[in-house]
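Here the structure comes first, spelled out in structure tokens, and everything after it is commentary.
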Amino acid sequence: MKSNVQLIRSLIREVRRTSSEQNTKNDIVVHYILEQAQAHRETSQTLCKAREELKNSAETYFCYLNSQRMCKEIQARYTGKGERSIKETADLVGFKLPHDPK
114 MKSNVQLIRS LIREVRRTSS EQNTKNDIVV HYILEQAQAH RETSQTLCKA
164 REELKNSAET YFCYLNSQRM CKEIQARYTG KGERSIKETA DLVGFKLPHD
214 PK
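See the structure below:
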């Protein structure tokens, strides 16, 4: 149960990072996540639904949102910005330039 709560919290955290709204109390996605968590908590013990249905769905959405955010960060970092200097290119790929022997 504790891991489910942590998973839901991390999912809501990812939604907050990608959301354009500053106030997430009015965010419909957060409300939907909390409603689904509440519905699955009550019905997983009484009905014949899959016990791990909420956990699997939440892990899938969390992975998707996290991957989307990381993809945007990578694209912003490595997107073409015109001509780069040799030093900027070396720093981008992790190489160091040799020093001048003068």
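Per the working numbering, the very first residue in the sequence shown carries number 114; after that it's consecutive. Every residue, glycine too, gets a C-beta built ideally from N, C-alpha and C. All of these numbers come straight from a predicted model, not from anything done at the bench.
- Looking at N169, F175 and I187, the one whose alpha-carbon comes closest to that of R122 is F175.
- Contact between L178 and I146 does not hold, since their C-beta atoms are separated by about 11 Å, which reaches or exceeds 8 Å.
- Taking the Cα positions, L210 is about 48 Å away from N117.
- Contact between T131 and R182 holds: CB atoms are separated by about 6 Å, below the 8 Å threshold.
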